[in-house]
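Residue numbers (the working numbering), protein chains in the order written: chain A, 13 to 309; chain B, 25 to 240. Every residue gets a Cβ at the ideal spot worked out from N, C-alpha and C, and that includes glycine.
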Amino acid sequence: MKITIFHYFIRQAMVNIFENRLVHLIGIGTMSIAFLIFYTFILIFVNLNYWTEEQGRSLTMSIYFKGEPDRVLIENIEKELFLFPGVTIKGFVSKDDAMKSLRRKLGDKAGLLDGLKENPLPASLEIILSRDKGGDSLPYQLKTKLEKIDTVDEVQYSQEWIRRFQTVMEAIKIVGMIFGGLLFLAALFIITNTIKLTIYSRKEEIEILKLVGATNRFVKIPFMIEGSIQGFLGGAVALIILFLVYIIVITRIDIRIGFASLDIVFLSPQFILFLLFISVIIGFIGSTISLGRFFRT
Amino acid sequence: MIQLFQVYKNFGSKNPALLDINLTVKKGEFVFITGPSGAGKTTLLKIIFCAEKPTSGNALVDGRNLNRIKDRELALLRRRIGVIFQDFKLLPRRNVFENVALALEIMGFPFYMIRKKVHQTLRYLGLANKEGYYPPQLSGGEQQRVAIARAIVNNPLILLADEPTGNLDPDLTMEIMALLKEIHIKGTTVLVATHSQELLKDTTRRIITLNKGRIV
Ligand SMILES: Nc1ncnc2c1ncn2[C@@H]1O[C@H](COP(=O)(O)OP(=O)(O)OP(=O)(O)O)[C@@H](O)[C@H]1O
Ligand SMILES: [Mg+2]
């Protein structure tokens with residue numbers, strides 16, 4: 013008994029979509045644009061957030077040397093650094109290493125470097141400081157200490173900058189939530205109207221169904237399924253487009269913030285499921301609103 | 025089974041469609057409702073299956089007061105009332121089979137039973153070869169028979185037939201009337217609205233005559 017009704021509902025929803033395919037196509041199209049804008053925003057936000065958190069927990073300090081330092085000096089510095097809690101040595105980068113890595117990064121354009129008579133890049137020792145273990149004042153403490161050494165040219169770290177960035181993140185988050193809320197309202201509006209059109213295209217049919225004894229629920233369920241499917245498709249199309257853009261564009265370029273390279277990750281599968289779930293819910297709510305309006309009059 | 029007390033129906037014009045209708049139809053009765061065009065026959069039937077509410081007065085059907093019936097109860101009541109609409113009210117985008125199956129689908133019958141009952145009913149009405157046709161592809165008489173099939177497919181308690189033979193030739197008319205009799209014998213209460221004197225010529229059944237909204 014259940015199965016027949018369920019089939020009936022699904023079939024009716026499909027027939028509705030097929031018969032109003034133009035309306036649906038336009039609805040799904042506009043809705044996926046709204047979703048896409050929001051998802052892009054989320055993708056950027058998630059990545060920035062992940063990145064600032066990573067960076068906030070630890071920071072990279074670069075100790076730049078004058079000329080090419082000898083091994084003994086570096087070992088001495090390393091020994092001294094080990095005395096501080098929360099310091100990890102990432103490694104020494106010689107002038108040559110720095111040049112090689114720059115060439116690698118430039119790729120095709122590495123030829124630009126051929127004209128240089130000597131290597132202008134400094135050698136450096138890269139260390140990572142853990143904020144949890146070392147405390148907030150460690151970077152500055154180390155900087156002053158290390159810069160007193162003759163062969164050390166300069167000590168750089170990104171802490172200040174990230175702090176400022178975290179407040180920016182908070183602002184972005186709030187703007188994003190308002191913006192996202194508006195876009196979801198827009199999606200809801202689109203679905204409500206699409207379903208309204210299909211309901212009106214079946215006005216007579218609904219009347220007849222009711223005259224032969226269909227319950228309101230029986231009449232409504234196909235439209236609810238229809239709205240949910242539309243929401244799902246809108247969300248799915250947006251995610252697919254976002255993923256394609258991610259693959260094609262983002263993985264090919266190297267995005268840098270300050271001097272840290274930013275590895276862009278795509279949304280996690282759980283988060284994708286969550287977004288799809290939300291779009292189905294929006295579809296469901298949208299159709300429920302339309303049905304509510306229709307059945308009240 | 026059906027009781028109307030001082031039912032008035034006014035659609036807003038100066039002449040009401042129904043005036044002071046008092047009527048009782050017992051379970052298992054076969055009743056003709058007749059009268060000239062515009063007399064209020066369709067309106068009377070509409071009151072009975074609650075497509076229209078009386079402007080004043082009460083209508084009781086199967087023990088339920090239609091002025092106070094809830095949506096869900098009304099749906100359940102309508103499943104027990106088969107209606108052959110004067111204008112058929114078939115779904116143009118569904119074929120003959122689907123139109124008739126509708127009455128069973130809303131009740132949640134399993135598909136094999138729906139198929140069996142629909143086939144049976146369509147064969148009974150001589151529509152077996154039209155199953156896949158859509159209403160606009162059918163003649164008036166065929167559409168009328170589809171409407172009849174949908175009304176009787178779930179063995180209703182009450183059958184309301186509004187001009188059920190209006191589009192049929194004399195032979196088919198005889199057949200349909202025989203069919204209604206058969207349904208009646210099986211226990212269904214039948215109300216037939218018609219202005220055809222031909223149908224009433226030698227009937228011994230109860231005849232209610234309406235004129236300008238009144239029972240005469
Ligand atoms: N929905 C409506 N709105 C306004 N007036 C209506 C409506 N339905 C019926 N009427 C009026 O009520 C009166 C009775 O109509 P009804 O359809 O009941 O007549 P009838 O006896 O069935 O006629 P026929 O034999 O032509 O089918 C008519 O004057 C008609 O104009
Ligand atoms: Mg009529």
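Taking a beta-carbon distance threshold of 9 Å, F35 (chain B) does not count as an interface residue toward chain A.
Among the CB atoms of chain B, none fall inside 9 Å of the CB of A25 (chain A). In chain order, L221, V224, G225, A226, T227 and F230 make up the part of chain A whose C-beta sits under 8 Å from the C-beta of I130 (chain B). M73 (chain A) sits in a strand when the DSSP states are folded into three classes. Contact annotation: L42 (chain B) and K33 (chain B) have beta-carbon atoms nearer than 9 Å. Residue-level contact by beta carbon fails for R169 (chain B) and chain A, as no gap is shorter than 9 Å. Counting only the Cα atoms, I207 (chain A) lies some 9 Å from G39 (chain A). Boundaries of the alpha helix (DSSP H) harbouring E122 (chain B): V120 to E129, taken from the DSSP string. For K65 (chain B), no Cβ of chain A is located within less than 9 Å of the residue's own Cβ. When Cβ-Cβ separations below 9 Å define contact, V107 (chain B) makes contact with chain A. E159 (chain A) is classed as exposed because its beta carbon has fewer than 16 other beta carbons within 10 Å across all chains shown. Look at the beta carbons and you see the stretch 26-40 of chain B touching the stretch 56-71 of chain B: at least three pairs across the two are nearer than 8 Å. Proximity of H36 (chain A) to chain B, defined by a Cβ-Cβ separation below 9 Å, is not satisfied. Interface criterion not met: the Cβ of D226 (chain B) is under 9 Å from no Cβ in chain A.
Taken through DSSP and simplified to helix, strand or coil, I276 (chain A) comes out as coil.
Under the Cβ distance rule, F56 (chain B) does not count among the residues neighbouring chain A, no pair being separated by less than 9 Å. Taking 9 Å as the cut-off, the beta carbon of R230 (chain B) is found closer than this to the beta carbon of F56 (chain B). Remark: the C-beta of T66 (chain B) is in contact range of ligand 2, defined as less than 8 Å to any heavy atom.
Straight through space, the alpha carbons of F201 (chain A) and L245 (chain A) are spaced by roughly 16 Å. Here F104 (chain A) is bridged, per DSSP, to A:L137.
Take the alpha-carbon of R174 (chain B) and the one of G106 (chain B): they are about 8 Å apart. Contacts with chain B at 9 Å (Cβ-Cβ) do not include Y212 (chain A).
Secondary structure of R104 (chain B) (DSSP, three-state): coil.
For K113 (chain B), the nearest beta carbon of chain A is closer than 9 Å to its own beta carbon. Of the candidates A:A248, A:T210 and A:I252, the residue whose Cα lies closest to the Cα of T300 (chain A) is A:T210. In the displayed model, A152 (chain B) falls within a helix according to three-state DSSP. Looking from the CA of E130 (chain A), the closest CA among A:R143, A:G146 and A:A110 belongs to A:A110. At a cut-off of 8 Å, the beta-carbon of A217 (chain B) counts as near ligand 2: some heavy atom of the ligand is closer than that. The DSSP-derived three-state label of D165 (chain A) is strand. In the three-state reduction of the DSSP assignment, R230 (chain B) falls in the strand class, which pools E and B.
Within the chosen limit of 8 Å, ligand 2 reaches the beta carbon of Q110 (chain B) through at least one heavy atom. Taking the C-beta atoms as reference points, P188 (chain B) is found nearer than 9 Å to I172 (chain B). Interface with chain A (9 Å Cβ-Cβ cutoff): A75 (chain B) is included.
Within chain A, the residues whose beta carbon sits less than 9 Å from that of L126 (chain B) are I220, L221, V224 and A226, listed in sequence order.
N91 (chain B): not part of any alpha helix (DSSP H); DSSP gives it neither H nor E. Proximity of chain B to E217 (chain A) at the Cβ level (cut-off 8 Å) is accounted for by L115 and R117, in chain order.
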